[in-house]
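Just so you know, the protein sequences line up as chains A and R, in that order. Per this note's numbering, residue 1 is the first one in the first sequence, and the count goes up by one each step. Per this note's numbering, residue 1 is the first one in the second sequence, and the count goes up by one each step. The C-beta atom is built at its ideal place from N, Cα and C for all residues, glycine as well. Only one structure is covered here, and it is reproduced in the block below.
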Amino acid sequence: MNRYLYDGTADGLLSSIAWILEEEPDPEKVTLAKRMDTLFEEGFTIGTDATLAESLFFRLKQHAPDAAHTLYSFMLAEKEGMETSLLHYVSLAFKHGDKVKGYLTHPAVRDIVNVAQKAGRELHRMKGLLRFEKLQDGAYLAKMEPDYNIIHPLADHFSRRLRAQHWFLYDVKRRMAARWNNGTLQFGTIEQFTTPALSEDEKKVQALWQAFFKTIAIPDRKNPRLQKSNMPMKYWKYLVEKQGE
Amino acid sequence: MDTLAKLQILSGAARYDASCASSGSKREGPSSGTGNTSSSGICHSWADDGRCISLLKILLSNDCIYDCAYCVNRSTNPVERASFTAREVIDLTLDFYRRNYIEGLFLSSAVMQSPDQTMERMVRVAEALRTEEQFGGYIHMKIIPGCSSDLVRKAGLYADRISVNIELPSQASLQRLAPQKHKHAILEPMALIGREIATSLVERKASCRAPRFAPAGQSTQMIIGASPENDFQILRLSQGLYKKMNLKRVYYSAYVPVIADNRLPVLAAPPLLREHRLYQADWLLRFYGFSAEEILSDDAPHLDESFDPKTAWALRHPEFFPVEINGADYATLLRVPGIGVLSAKRIVAARRFSRITPDGLKKIGVVIKRAKYFITCSGRSFEKPDQPPALIRQRLLLGESSEAPMSILPKQLVLPGLIA
Ligand code: SF4
């Protein structure tokens, strides 16, 4: 059984999978792991090739769009230690097409689909839970601390939704930012973040939202457990309606 | 009165409306404007009662000239009255939408001076949002029964979803409890909406520039337990609404007494369990291929309190079981208690690769707690085969409180339909 290593980057992972699928007669029998550079590490290191990585993704997208979407969501999770499962999953996806997502009795498929689902769920959740604040200069800023690295697809979503606004997303933990202005979307990292001043009417609008949030609940039906299971407390930090609770 | 005070009154008055769905519509936003809609719907928050908040749900006014027995806003009830201006609603919607608090607006109203005058003011809000403000987010509007069909048509052109509340399950009850509302004033706009939706779908097939009419469809709501109709009557009514009027959803709301009135029943508690069972039966109608006549009959017109309607059906039909996991088709799998749409789909998908073993069932995430009495896996039973239904009944009742506890069940809990 062959053991392969890659450099730990996303491009490295995808290009080594592409390489193995090309070169190995039975990819489901080999393993793939991140190179640790320890003295006695065994395995053959595959070089990183961004074009190869990209072409793998596009070929998969043509062959099995659902599976490619799963792969994309899985990559958002930045999970380490599941490289072999991913390799086997991609290999199976080329073999069976989109039907592969139903192959939940296969451990690799189950593992990959599970992680991808979690990342996909957080992305969907954040589409609702993200909160923008209006700044003095008229731009809007939304801060967040998601578990997964979802800023790209999230920014895509808002670029279709809040087109006429100038806005920023900021992933506080990863220090990554997205900016939308006049029809262009940019990504970057921020080294020094200072919270800008809010616009004058911002607090007034927030007070209206807080009032609405309070009154819309049916008073005799308080159900904090259900509320928390739908909206875990880890997201409350940036929720206007949950300030001061 | 300032906007904040009005918002408190008019969102408080709208809180009992069950439908919060923001799904079913896919609208690309105008490039110069604000907003689009997403076909799967998005929840933006969850209120203290655990319900999803997706839309800014408000009444335009709670100042009602009607006197429906079950409603807090009835003209003879001394509550504080308020009405928004169009500008206030528009600003609230946009301010909230730009901050990503909401998917859009859910606008309803009490009857102010007349149905036409009220509906006209509501339509004006939607029109201004769409045309002047270029708003592309979700709009759900209630139709005020008795307004002109022109206004209904206009509403449908601006809104993603429109709905007319059927209020009560029969004409007789309507007459008794909401004497100013008439059956035809409710059914006529429903039929009109149904026709317009159908025409618009046909036209849009021919040309994608044909106007959309309520692309997310129409829904309705009725109050359960304020009047004497049985579950069979109610389910048959819903079935008719789905089939003949092409409705997307029927919402049920358990009646909770807000004011004493001798035309209304005195209830110890709102019929929440009944409401919950009706929602389950409604799912069977919409997604599981059941008919109202399979679920209930004139001899047994009430839904079972201790079992969900699918389990109740299964217990009455032992001849249908056991169902073979590795052989049965999708529709048959769906009839097994405890196997829902997701599980049935997973079973069908996994079978393509290999026969499913009992262990495999667990691996693909199918819970067999209740299903085990009704299925076989490659001919093998999970339980002693051929147990009499009475015994299964008992075991289901005993061993497992297989349903989630009541406290989290009625997500749709609602007080009477305060809404015109
Ligand atoms: S149900 Fe509607 S019409 Fe009847 S009193 Fe209430 S608000 Fe007025």
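Taken through DSSP and simplified to helix, strand or coil, K99(A) comes out as helix. At a cut-off of 7 Å between beta carbons, S45(R) contacts chain A. Listed along chain A is no residue with a C-beta nearer than 7 Å to that of D261(R); the closest approach is about 20 Å. The alpha-carbon separation between W46(R) and R221(A) amounts to approximately 13 Å. For F187(A), no chain R residue has a C-beta closer than 9 Å to its own C-beta; the minimum C-beta separation is roughly 19 Å. Setting aside the 5 residues that flank it on each side, L185(A) is surrounded in the same chain by A155, D156, S159, A178 and R179, each with a C-beta closer than 8 Å to its C-beta; the list follows chain order. DSSP places L247(R) in the coil class of the three-state scheme, outside both helix and strand. Between the alpha carbons of I356(R) and A292(R) lies a gap of roughly 33 Å.
R121(R) has its CB no nearer than 6 Å to any heavy atom of ligand 1. If you draw a 10 Å sphere on the C-beta of F135(R), you find 16 or more other C-beta atoms in it, and that means buried. Residues of the same chain with a CB within less than 8 Å of the CB of K181(R), apart from the 5 flanking positions on each side, are Y66, C68, P145, G146, E167 and L174 in chain order. Cβ contact annotation for H63(A) (same chain, cutoff 7 Å, sequence separation greater than five): F94 and G97, in chain order.
With fewer than 16 other beta carbons inside 10 angstroms of its own, R175(A) counts as exposed. Within the stretch 121-144 of chain A, those residues whose Cβ lies closer than 9 Å to any Cβ of chain R are, in chain order, H124, R125, K127, G128, L129, L130, R131, F132, E133, K134, Y140 and A142. Within chain A, the C-beta atoms nearer than 7 Å to that of A350(R) come from G102, Y103, L104 and T105, in chain order. Taking one beta carbon from each stretch, the stretch 259-266 of chain R and the stretch 205-220 of chain R have fewer than 3 pairs nearer than 8 Å; the two do not touch. At least 7 Å separates the beta-carbon of Q8(R) from that of A77(A). Contacts between V205(A) and chain R, judged by CB atoms closer than 8 Å, involve D95, F96 and R99 in chain order. D359(R): member of the alpha helix (DSSP H) spanning P358 to K363, first to last residue. Just measuring C-alpha positions, the residue of A281(R), S54(R), L177(R) and A159(R) sitting nearest W209(A) is S54(R). Taking 9 Å as the cut-off between beta carbons, the residues of the stretch 225-242 of chain A near chain R are R225, L226, Q227, K228, S229, N230, M231, L239, V240, E241 and K242, in sequence order. Neighbours of Q8(R) across chain A, judged by C-beta separation under 7 Å: A211 and T215.
Secondary structure of H63(A) (DSSP, three-state): helix. Cβ-Cβ distances below 7 Å link S75(R) to C64, I65, Y66 and D67 in the same chain, with the five nearest sequence neighbours on each side left out; the list follows chain order.
Chain A has a Cβ within less than 7 Å of the Cβ of G360(R). Within the DSSP bridge table, the entry for M176(A) names D171(A) and T189(A) as partners. With 16 or more other Cβ atoms inside 10 Å of its own Cβ, K142(R) counts as buried.
When C-beta distances to chain R are compared with 7 Å, the residues of the stretch 162-191 of chain A below that value are L162, R163, A164 and Q165, in chain order.
At least one heavy atom of ligand 1 lies less than 6 Å from the C-beta of A110(R). For the stretch 366-377 of chain R, the set of residues with a beta-carbon nearer than 9 Å to any beta-carbon of chain A is empty. At a threshold of 6 Å, Y66(R) counts as near ligand 1, since its beta carbon sits closer than that to one of the ligand's heavy atoms. Check the Cα spacing between L105(R) and each of S11(R), A185(R) and G240(R): the tightest is with S11(R). Short of 6 Å from the beta carbon of P189(R), and not among the five residues preceding or following it, lie these beta carbons of its own chain, in chain order: I143, V152 and V164.
Distance from L333(R) to V323(R) at the Cβ level is roughly 7 Å; contact confirmed, criterion being Cβ atoms closer than 8 Å. Per DSSP, I112(A) is not a residue of any beta strand (DSSP E); the alpha helix (DSSP H) it occupies stretches across P107 to L129.
Per DSSP, T376(R) is not a residue of any alpha helix (DSSP H); the beta strand (DSSP E) it occupies stretches across I375 to C377.
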